[in-house]
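Residue numbers (this note's numbering), protein chains in the order written: chain R, 1 to 123; chain B, 124 to 296; chain P, 297 to 921.
In structure tokens form, the structure reads like this:
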């Protein structure tokens, strides 16, 4: 019974594995564009926006990818021109150590508190 | 006592947060780019407005003088509004204006200049907007003040007004 | 005109009533009777009625396009359809504050009439703490955000409501969200009252549980409505952007969910009392904090209301006063009252719930830190950074793996401890989940290991809860439904994210665009005039390789007031997938920019959130055995 259920679900879901379009060349470009903020829009990425600014940035990113530049280099270029604010992914720099590490630290502290409390009550 | 310590710690932490938020409220919210570190103007090649020639940035900004780079377009309404102020600035001997025609139709742009006057000693064309990105521009109109060391010392986003003209005049004296 | 006067004076009167209620309640506090003075109930009811009158006054002004009212002038227009004139009432800063007051007064009144068997002093204190919040909001409204400001000379026409906000989902999103969001005020007030009365016990837990459930259900659905609006209206095909305003609604939801799990312990025995109180305070504090972040102008986002630092300062001081008050009361009055605390052993229900809370607090800290860190950095070092989706995904996704595992195993601890067959069946389910996942996604993604593990744990939760649904155990049915809903939510989101595809291209009328699965045909364009906009409707035919075709009609709207152009996506929804087509103008061209997206399982995201709420609803109406 269970095997049958699983089989049906599998067939169902497998029909979708063909939906994905395989344009690897665009993958990098789209990945970068989704990570760049459209500075004249309200909360849109350059990928999502059709504004003038966004289309200029899209061209620049395309050209730089064609020149063979790495993802990081392109981000650095944009940051130089526009400041850190333009990139959605905050890099792990001295400005952002606390940003990335504090939640993890809190997680560990939380775990320690639970551990201590259960040990304390386990008589 | 452990409780008193944690209470004190929390009070200190919360006071800190309050202070940060309070200060944060009072500072400006609109993100404008820092021009504290003077950046060099980018190196580029751009098409001339009046001919088919390509001009090198070194040549465009070659004189030992202050320059203004003004990004404009015929389809941009605020550009019309600021144009008369640019004409006024161009009369000043210590400064030259370079126009960057942004994502424009050449005929419309030429009409714009013929109608409103030409304050620019040189006009270059940025058909796809990529040259403006080299300057870190957001769009149009935008104006950059460049000093004799070929560094950008001021960025003005949006149309310039009388205050900005006065500020520029003070700097270029 | 008259509606404005009535509306304004009702507010002033309402504020006076707050002081009246406080005075009568304080006087009643030490009397010997077991029930509170009936006058208190009447006064609370009258205060509620006053707010309703005020609210209706504002609605009337909007409906009549009475532009002598500054709020109506700023946010409405004579050509707005009636439905949106009405919903425009609460779509702006001042009107939404009236909504705050409405929910605050409504909930305390319902609390009073539904808690008659609760200790009198506890009830009075809850009322008093709630009145502190109510007075704060009255002052905020009357001093900085009056919805009834008078404009003279009276303008002929209003400045219009943003057309993006003219949408049915957005019309009901604020009221429902506020019922949840603002409803946490009762939990705040009553937990402070309980602390002062040393009443944080099993009995109190049973009493407060329904309030937690009610808030939680409304908050869940409210957040879902906001997501649905973003998906259908904003035209980018996304439903969650980690935008500060979205984060701000999610944070109280996380603590409220944690609190809900804790109350399951507290209603059975007096344990975890300190933590429950802390969570109660934190939940409402986060609601207030969210109000601060969104309305003060300190953050910018798509949704923020008008920026006004004066308002920001008021809320900031109000917020921190409430925090100071609740901290003071907690530290001064709270006594560790845990009975049976030595029943805490590793494989116990309490531990599972603590682990749930542990993860919830972690997710909360990620979102909270991500949202406010840019503010701190900017103030301290004048550096401006963005914290966007990549941050949240990187920190949350890996932790979902253990979280989902614990969620599957936690409710089944009795199984783990007991028979061997049960343990084996769990292991078997897990192995099947992994194999199934691997088989499905192996050609679909480059991050194979990570996604396999993550989706397997989601499937594991899915299958373990599904099995229990069929066994029809009415014992913990609401919990199983809710957890099943959550597993479905995770699966829908993950598969949607992996399987979605998009085509972006420029086309003009008559053109055909071929891609590997089919063809897009731009058939024609229609132009229409509506009451407050001109519309361009395009007809597209999407032909798939199996011969089937569908028609999609995206629209571009050109509004006259304010002067905005919006793109309305056309979305065809089926159980399997959504087909999403949106069109944008390209400057100076006969070309249009087309984005065609295929998004599998979109509707299951909404369905699973509804299932999640259904679980909560079932718990609310469960009859005590």
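Here a beta-carbon is modelled for each residue, glycine too, at the ideal position from N, C-alpha and C.
Alpha-carbon spacing of residue i relative to residue j, whole angstroms
| i | j | result |
| --- | --- | --- |
| residue 21 (chain R) | residue 28 (chain R) | Since pLDDT at residue 21 (chain R) reaches only 41, below the 50 mark, its modelled position is unreliable, and the value read off the structure follows with that caveat. One C-alpha to the other measures close to 14 Å. |
| residue 191 (chain B) | residue 229 (chain B) | 22 Å |
| residue 611 (chain P) | residue 290 (chain B) | 38 Å |
| residue 621 (chain P) | residue 427 (chain P) | 14 Å |
| residue 251 (chain B) | residue 65 (chain R) | 17 Å |
| residue 598 (chain P) | residue 549 (chain P) | With a pLDDT of only 47 at residue 598 (chain P), under the threshold of 50, the placement of this residue in the model should not be trusted, and no figure is reported. |
| residue 553 (chain P) | residue 798 (chain P) | 35 Å |
| residue 271 (chain B) | residue 283 (chain B) | 21 Å |
| residue 876 (chain P) | residue 817 (chain P) | 15 Å |
| residue 82 (chain R) | residue 48 (chain R) | 19 Å |
| residue 607 (chain P) | residue 557 (chain P) | 35 Å |
| residue 60 (chain R) | residue 41 (chain R) | 18 Å |
| residue 124 (chain R) | residue 72 (chain R) | Since the displayed chain R opens at 1 and closes at 123, residue 124 (chain R) lies outside it and no answer follows. |
| residue 822 (chain P) | residue 400 (chain P) | 48 Å |
| residue 141 (chain B) | residue 511 (chain P) | 28 Å |
| residue 508 (chain P) | residue 97 (chain R) | 36 Å |
| residue 214 (chain B) | residue 258 (chain B) | 25 Å |
| residue 802 (chain P) | residue 897 (chain P) | 27 Å |
Within-8 Å CB hit, residue i to chain B
| i | result |
| --- | --- |
| residue 81 (chain R) | yes |
| residue 53 (chain R) | yes |
| residue 866 (chain P) | no |
| residue 131 (chain R) | No answer is possible for residue 131 (chain R): it lies beyond the span of chain R, which begins at 1 and ends at 123. |
| residue 674 (chain P) | yes |
| residue 40 (chain R) | yes |
| residue 612 (chain P) | yes |
| residue 608 (chain P) | yes |
| residue 45 (chain R) | no |
| residue 623 (chain P) | yes |
CB contact check: residue i to chain R, cutoff 8 Å
| i | result |
| --- | --- |
| residue 222 (chain B) | no |
| residue 501 (chain P) | no |
| residue 496 (chain P) | no |
| residue 553 (chain P) | no |
| residue 590 (chain P) | no |
Proximity of residue i and residue j at Cβ, strictly below 8 Å
| i | j | result |
| --- | --- | --- |
| residue 901 (chain P) | residue 792 (chain P) | yes |
| residue 194 (chain B) | residue 225 (chain B) | yes |
| residue 568 (chain P) | residue 561 (chain P) | yes |
| residue 664 (chain P) | residue 756 (chain P) | no |
| residue 434 (chain P) | residue 311 (chain P) | yes |
| residue 402 (chain P) | residue 321 (chain P) | no |
| residue 866 (chain P) | residue 850 (chain P) | yes |
| residue 559 (chain P) | residue 626 (chain P) | no |
| residue 503 (chain P) | residue 570 (chain P) | no |
| residue 536 (chain P) | residue 523 (chain P) | yes |
Interface flag, residue i vs chain P, CB-CB below 8 Å
| i | result |
| --- | --- |
| residue 248 (chain B) | no |
| residue 115 (chain R) | no |
| residue 149 (chain B) | yes |
| residue 163 (chain B) | no |
| residue 144 (chain B) | yes |
| residue 68 (chain R) | no |
| residue 130 (chain B) | yes |
| residue 265 (chain B) | no |
| residue 37 (chain R) | yes |
| residue 137 (chain B) | yes |
| residue 133 (chain B) | yes |
Counted within 10 angstroms of its Cβ, other Cβ atoms place residue i as buried (16 or more) or exposed
| i | result |
| --- | --- |
| residue 657 (chain P) | buried |
| residue 300 (chain P) | buried |
| residue 628 (chain P) | exposed |
| residue 409 (chain P) | exposed |
| residue 281 (chain P) | Residue 281 (chain P) lies beyond the stretch modelled for chain P, which goes from 297 to 921, so this question has no answer here. |
| residue 436 (chain P) | buried |
| residue 135 (chain B) | exposed |
| residue 112 (chain R) | exposed |
| residue 519 (chain P) | buried |
Contacting positions in the region 530-542 of chain P - beta carbon closer than 7 Å to chain C: In the structure shown, chain C cannot be found, because the protein chains are R, B and P.
Check each residue of the region 226-253 of chain B: if its Cβ is closer than 9 Å to any Cβ of chain P, include it; give the result in chain order. 226 and 228
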